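In the numbering used here, the protein residues as written are 369 to 579.
Quick reminder that beta carbons are idealized off the backbone N, C-alpha and C, glycines included.
From a predicted model like this one, the values you see are computed outputs, not experimental measurements.
Working notes, beginning with the structure itself.
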Ligand code: B12
C-alpha cells in the first residue's frame with residue numbers, strides 16, 4: 369500500500385481515486401484496519417497540519433475530509449464486522465451556541481473508523497439534548513466540541529445539567545476543540561481531553577480499558 373498515493377488523492381479531494389485505492393488495497397489482502405491506519409488517517413492528519421500552518425484553507429480541508437469519507441464508506445462495513453469492533457457507543461455534539469463542526473465531524477469519522485457506534489447530535493446541542501441522547505442511547509462516552517471561547521463555558525453547563533439529571537456517573541465525558549485544554553477539562557470536571565481526532569480515539573479506548 370502506497371501512503372503517498374492516499375495522501376495525493378485525499379489532499380486533492382479525489383473521492384473516486386480514494387475509493388479505488390482503498391478497494392485495491394483490500395483486494396491485495398490488506399486488513400481494513402491497516403488501510404485506515406496507514407493510508408487514510410495519516411493523509412488526513414497531514415492535511416490537518418497543512419491547515420494549521422496556513423498552507424491550505426477550509427474548503428480544501430472539507431473536500432479532503434469528503435474524499436477520506438469515500439474510502440471510509442468501503443472500510444466501515446468491514447471494520448464493524450471485524451474483531452476490532454468495539455460495541456461501545458459514543459454520543460458526540462458541538463455545544464449550544466456553537467456552529468463549528470469540521471473538527472467534530474473528523475472526530476466522528478475517526479471514531480467510526482475505530483469501530484465505535486457513534487451518535488452524532490450535530491451542532492448547537494443544548495444540555496437537555498445531550499441528556500435526552502444519553503437516556504435514549506445509553507452511551508459509555510459523551511464527546512463535546514467547542515471552537516469559541518464563549519461556548520467553552522457551555523461544556524461546564526452541560527456537565528452540570530448531566531449531574532442534576534443523575535446521568536453524569538454513567539458516562540465518561542471527553543471534550544475538545546481548538547480553545548480547549550487539558551487544564552480546562554480538569555477545571556470543569558470532564559474526564560478527558562484530546563487535541564485531535566486521532567487522539568480522541570485513543571482517549572475513548574483508555575476510558576473503556578481497551579489500551
Ligand atoms: C471554519 C470556521 C468557521 C465556519 C464554521 C463552518 C463549519 N461548518 O464548521 C463559520 C464561517 C460558520 C464560522 C463562524 C464563526 N466563527 Co469561526 N472559524 C472557523 C475556522 C476558520 C476554522 C475552524 C475549523 O474548522 N478548524 C479545522 C478543524 C479540523 O480543527 P478543530 O475544529 O480545531 O478540530 C480539531 C481539534 O480541535 C479536535 N476536536 C474538535 N472537536 C472535538 C471534540 C472532541 C470531543 C475531541 C476529543 C476533539 C475535538 O479534533 C479536531 C480534528 O483534529 C476558525 C479559525 C481557525 N483557524 O481555527 C474560526 C474561529 C474558530 N471562528 C471564530 C469566530 C469568532 C467565529 C464567529 C463568531 C464569527 C462571526 N463574527 O460571525 C462565528 C460563530 C458562529 C457560531 N455561533 O459558532 C474564532 C473564535 C475566536 C474565539 N477564540 O472564540 C476563530 C478562532 C477565528 C478567529 N481567529 O477569530 N467559523
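- The DSSP assignment places complete beta strand (DSSP E) segments of no fewer than 3 residues inside the segment 426-476 at 457-462, in order along the chain.
- A Cβ-Cβ contact shorter than 7 Å links residue 463 with residue 523.
- Inclusion of residue 481 and residue 440 in the CB contact set at 7 Å is warranted, their separation being smaller than that value.
- The continuous alpha helix (DSSP H) containing residue 523 extends over residues 517-532.
- Under DSSP, residue 542 takes part in a beta bridge, and its partners are 511, 560.
- DSSP places residue 486 in the uninterrupted beta strand (DSSP E) bounded by 485-488.
- With a threshold of 16 other beta carbon atoms within 10 Å, residue 425 falls short and is exposed.
- According to DSSP, residue 493 shares a beta bridge with 463.
- An exposed status is given to residue 534, since fewer than 16 other beta-carbon atoms sit within 10 Å of its beta-carbon.
- Cβ contact annotation for residue 379 (same chain, cutoff 6 Å, sequence separation greater than five): 415, 432, in chain order.
- Apart from the 5 residues on each side of it in sequence, residue 510 sits with its Cβ closer than 6 Å to the Cβ of 459, 539, 541 in its chain, given in chain order.
- If you draw a straight line from the Cα of residue 553 to the Cα of residue 499, it is about 19 Å long.
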